[in-house]
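Here is the structure we will look at, set down as structure tokens.
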Amino acid sequence: MGNPACDLVLFGAMGDLATKKLFPALYHLHRAGLLPEQSRILALARRDLNKAGARQQIARGLEEYLEPEVMEADAMDGFLARVDYLKMDFSDAEGYQQLGEWHRQGGHGNVLVLYFATPPGLYGQITAHLCDAGCCDDSARVVVEKPIGQDLPSSQKLNDQLATAFREENIFRIDHYLGKETVQNLIALRFANNLFASQWDQNHISHVEITVAESVGVEGRWSYFNSAGQLRDMVQSHLLQLLCLLAMDPPSDLSPDSIRDEKVKVLKALAPLTPERISTHLVRGQYTAGTAEGVPVPGYLQEEDAGGASHTETFVALKVEIENWRWAGVPFYIRTGKRLPEKRSEVIVHFKPAPHYIFDPDQKYLANNKLIIRLQPDEGMSLQILTKDQGLSRGMRLRQGPLELTFAETFDTERIPDAYERLLLEAMKGNQYLFVRRDEVEHAWRWVDQLLANCDDCGAHPKRYAAGTWGPVAAIAMITRDGRSWYEDT
Ligand code: BG6
Numbered sequence: 000m001g002n003p004a005c006d007l008v009l010f011g012a013m014g015d016l017a018t019k020k021l022f023p024a025l026y027h028l029h030r031a032g033l034l035p036e037q038s039r040i041l042a043l044a045r046r047d048l049n050k051a052g053a054r055q056q057i058a059r060g061l062e063e064y065l066e067p068e069v070m071e072a073d074a075m076d077g078f079l080a081r082v083d084y085l086k087m088d089f090s091d092a093e094g095y096q097q098l099g100e101w102h103r104q105g106g107h108g109n110v111l112v113l114y115f116a117t118p119p120g121l122y123g124q125i126t127a128h129l130c131d132a133g134c135c136d137d138s139a140r141v142v143v144e145k146p147i148g149q150d151l152p153s154s155q156k157l158n159d160q161l162a163t164a165f166r167e168e169n170i171f172r173i174d175h176y177l178g179k180e181t182v183q184n185l186i187a188l189r190f191a192n193n194l195f196a197s198q199w200d201q202n203h204i205s206h207v208e209i210t211v212a213e214s215v216g217v218e219g220r221w222s223y224f225n226s227a228g229q230l231r232d233m234v235q236s237h238l239l240q241l242l243c244l245l246a247m248d249p250p251s252d253l254s255p256d257s258i259r260d261e262k263v264k265v266l267k268a269l270a271p272l273t274p275e276r277i278s279t280h281l282v283r284g285q286y287t288a289g290t291a292e293g294v295p296v297p298g299y300l301q302e303e304d305a306g307g308a309s310h311t312e313t314f315v316a317l318k319v320e321i322e323n324w325r326w327a328g329v330p331f332y333i334r335t336g337k338r339l340p341e342k343r344s345e346v347i348v349h350f351k352p353a354p355h356y357i358f359d360p361d362q363k364y365l366a367n368n369k370l371i372i373r374l375q376p377d378e379g380m381s382l383q384i385l386t387k388d389q390g391l392s393r394g395m396r397l398r399q400g401p402l403e404l405t406f407a408e409t410f411d412t413e414r415i416p417d418a419y420e421r422l423l424l425e426a427m428k429g430n431q432y433l434f435v436r437r438d439e440v441e442h443a444w445r446w447v448d449q450l451l452a453n454c455d456d457c458g459a460h461p462k463r464y465a466a467g468t469w470g471p472v473a474a475i476a477m478i479t480r481d482g483r484s485w486y487e488d489t
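Residues 0 to 489 in numbering that gives the first Met the number 0 are what the sequence shown lists, from first letter to last.
In structure tokens, the structure reads:
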């Protein structure tokens with residue numbers, strides 16, 4: 000698909016997301032020659048700035064968040080020249096007329112892409128004003144950020160508000176994990192390699208671990224985070240998306256709907272966490288004071304912007320089961336948390352041992368292959384296989400070692416693009432395959448909602464863990480009960 004010229008309108012252009020992610024990503028696209036010459040950017044925010052002042056502000060953000068080696072004066076000037084600014088109160092109809100004129104008069108047929116980098120509570124109002132100002136025609140696209148709601152009813156309401164103005168194929172719901180190179184690579188790994196495709200089921204896989212660990216705390220977002228918690232903030236979106244990509248059946252092609260249809264089937268097949276299951280399948284935690292990369296850090300309740308007592312979880316471990324032929328009996332252990340020892344996202348696929356074992360009984364614990372998929376950092380894969388230990392004195396001793404693929408080394412990759420570069424590019428191209436469809440969001444909420452409804456403990460204080468550790472000991476107990484352990488504990 001070509002790369003059409005766009006008028007990209009950024010609501011919330013002076014906010015955190017725009018400063019840290021969107022402008023740096025757009026700069027990279029500009030520098031790589033991926034923004035057509037006629038493409039323009041309109042930054043919208045409440046701040047009282049003129050065009051020159053806004054450009055200065057954006058330039059300062061770029062200097063702070065871009066790697067120094069990509070800063071080039073010509074590229075910077077060229078990029079900033081694309082940016083216009085409009086001071087706007089999003090609840091006031093007036094600014095929208097100006098926005099519409101900006102697009103109609105200067106746009107020369109550019110595709111209108113409206114990016115709502117604002118709290119979701121504003122989506123309805125912004126949409127209504129946009130339509131009144133004639134900015135919702137059939138070709139206009141809208142890009143929205145998570146969280147799409149706090150539960151199923153609120154997500155349905157947001158989706159309805161968007162649907163009053165935009166067709167589903169013009170709504171681009173971001174889950175930035177889908178823009179990560181290695182997450183996309185899961186599709187290539189699974190469906191381009193028959194070696195794995197033929198092994199990817201309950202006959203060959205015993206269990207799967209998905210870990211998304213962060214060493215940071217809540218980073219000045221206490222009040223938002225406290226109303227969401229790790230379950231809504233991370234599991235409902237990123238973790239369930241990863242699970243879907245790992246567990247879905249092969250799509251018949253790479254079209255957005257073929258892929259998303261398969262993901263929805265997985266979401267529908269997730270076993271409910273009934274009241275009987277919940278105590279063995281869910282662990283919630285909250286960090287207390289500890290260390291992060293060797294430096295003392297406060298607990299969640301003592302964070303600078305903390306608002307007092309709270310039962311919000313900053314860590315979740317779950318045992319998830321998928322009720323279908325492919326995955327019956329194969330648990331997916333997933334865990335995610337703030338203030339864990341390191342930033343690391345990875346998937347470990349544990350294969351079943353060979354049906355008949357003929358080696359030293361002492362080494363039987365070694366006897367299953369593992370595929371480790373490192374999503375970030377140090378993106379790559381490693382297949383743990385068993386070989387004979389070399390040397391005359393070793394007999395038939397076994398040894399486990401990796402077949403290793405580190406993307407940066409093997410493919411001599413200069414840099415792995417940030418997720419937002421890919422996502423902005425695909426939204427401007429109108430390609431939806433990396434965006435979340437309405438029914439996906441809603442099925443994910445349905446599952447999270449029933450889990451919360453069945454969880455009597457969720458109103459109580461989560462289990463404590465010290466910052467800088469791998470979560471509450473109950474998370475270890477959860478997997479140990481099944482005779483297994485988290486990968487870093489093996
Ligand atoms: C966001 C969450 O969606 O993802 C944050 O709201 C989290 O709480 C972030 O820190 C993690 O993203 P990444 O790309 O740093 O793994």
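Note that CB positions come from ideal geometry on N, CA and C, so glycine has one too.
Note that the coordinates shown come from a computational prediction; the quantities given were computed from them, not determined experimentally.
Spatially closest choice to residue i from the options, by CA coordinates
| i | options | result |
| --- | --- | --- |
| Phe171 | Leu402, Lys428, Val447 and Leu450 | Lys428 |
| Ser226 | Thr313, Ser205, Asn184 and Ile173 | Thr313 |
| Tyr114 | Arg103, Gly105, Gln104 and Thr126 | Thr126 |
| Gln449 | Leu402, Leu433 and Leu269 | Leu269 |
| Tyr286 | Gly293, Ser278 and Gly298 | Gly298 |
| His310 | Ser236, Tyr122 and Phe224 | Phe224 |
| Thr386 | Ala80, Val282, Pro401 and Leu98 | Pro401 |
| Lys470 | Lys86, Ala305, Gln229 and Arg103 | Reading the sequence as shown, one finds Gly at residue 470 and not Lys. Minimum Cα distance to Gly470 is reached at Gln229. |
| Ile384 | Lys351, Ala12 and Ser153 | Lys351 |
| Asp83 | Asp91, Gln97 and Glu93 | Gln97 |
| Tyr486 | Gln104, Ile357, Val348 and Arg276 | Val348 |
| Glu93 | Glu66, Leu111, Asp131 and Leu121 | Asp131 |
| Leu119 | Gly105, Leu129, Val110 and Gly148 | Checking the sequence, you will find Pro at residue 119 rather than Leu. The residue with the shortest Cα to Cα distance from Pro119 is Gly148. |
| Met395 | Met70, Asp359, Glu292 and Asp260 | Asp359 |
| His237 | His128, Leu374, Gly99 and Ala366 | Leu374 |
| Pro295 | Met87, Ala466, Ala476 and Val447 | Ala466 |
| Gly284 | Leu43, Asp15, Lys462 and Gln37 | Lys462 |
| Tyr176 | Gly482, Phe434, Val447 and Asp438 | Phe434 |
| Gln55 | Gln37, Leu424, His27 and Thr18 | Thr18 |
| Leu272 | Glu71, Arg189, Asp455 and Leu129 | Asp455 |
| Leu382 | Glu100, Phe195 and Leu65 | Phe195 |
| Arg437 | Pro340, Val315, Glu341 and Pro255 | Pro255 |
Inter-residue spacing [alpha-carbon to alpha-carbon] between residue i and residue j
| i | j | result |
| --- | --- | --- |
| Thr290 | Gln301 | 14 Å |
| His107 | Leu41 | 15 Å |
| Pro274 | His280 | 10 Å |
| Val346 | Phe331 | 10 Å |
| Leu244 | Asp47 | 44 Å |
| Gln389 | Val182 | 36 Å |
| Asp252 | Ala246 | 17 Å |
| Val8 | Glu378 | 33 Å |
| Ser484 | Ile478 | 6 Å |
| Lys369 | Lys145 | 33 Å |
| Pro354 | Pro23 | 52 Å |
| Ala80 | Lys179 | 29 Å |
| Tyr464 | Ala473 | 10 Å |
| Gly458 | Val265 | 29 Å |
| Arg491 | Arg259 | Only positions 0 to 489 of the chain appear in this structure, which leaves residue 491 out of reach. |
| Met13 | Leu422 | 20 Å |
| Arg398 | Met380 | 19 Å |
| Asn109 | Thr163 | 23 Å |
| Glu68 | Tyr419 | 19 Å |
| Arg39 | Asp6 | 5 Å |
| Arg492 | Lys318 | With the chain running from 0 to 489 in the structure shown, residue 492 is simply not present. |
| Ala366 | Arg334 | 25 Å |
| His27 | Ala407 | 19 Å |
In DSSP terms, what residue i is bridged to
| i | result |
| --- | --- |
| Cys5 | Val110 |
| Gln399 | Leu385 |
| Gly379 | Arg373 and Thr405 |
| Ser344 | Val211 and Gln375 |
| Phe224 | Per DSSP, none; premise fails for Phe224. |
| Thr412 | DSSP lists no partner for Thr412. |
| Thr150 | In the sequence as displayed, the identity of residue 150 is Asp instead of Thr. Partner(s): none; Asp150 has no beta bridge. |
| Val282 | Ala316 |
| Arg140 | Val112 |
| Ile321 | Leu269 |
| Arg334 | Thr210 and Ala316 |
| Gly11 | DSSP output for Gly11 lists no bridge partner at all. |
| Tyr84 | Ala42 |
| Tyr486 | Answer by DSSP bridge pairing: none, since Tyr486 is not bridged. |
Worksheet item: Touching or not, the region 203–213 and the region 408–422, by the rule of three or more beta carbon pairs under 8 Å?
Response: No, because fewer than three Cβ pairs between the region 203–213 and the region 408–422 fall closer than 8 Å, the two stretches do not touch.
Worksheet item: For the region 127–138 against the region 214–222, are there 3 or more C-beta pairs whose distance is under 8 Å?
Response: The region 127–138 is not in contact with the region 214–222.
Worksheet item: Between the region 327–344 and the region 188–206, are three or more C-beta pairs nearer than 8 Å?
Response: The region 327–344 is in contact with the region 188–206.
Worksheet item: Between the region 234–244 and the region 441–448, are three or more C-beta pairs nearer than 8 Å?
Response: Yes, they touch.
Practice prompt. Decide if the region 55–64 is in contact with the region 74–91; the criterion is three or more beta carbon pairs, one per stretch, under 8 Å apart.
Written response: With contact defined as three or more Cβ pairs closer than 8 Å, the region 55–64 and the region 74–91 are in contact.
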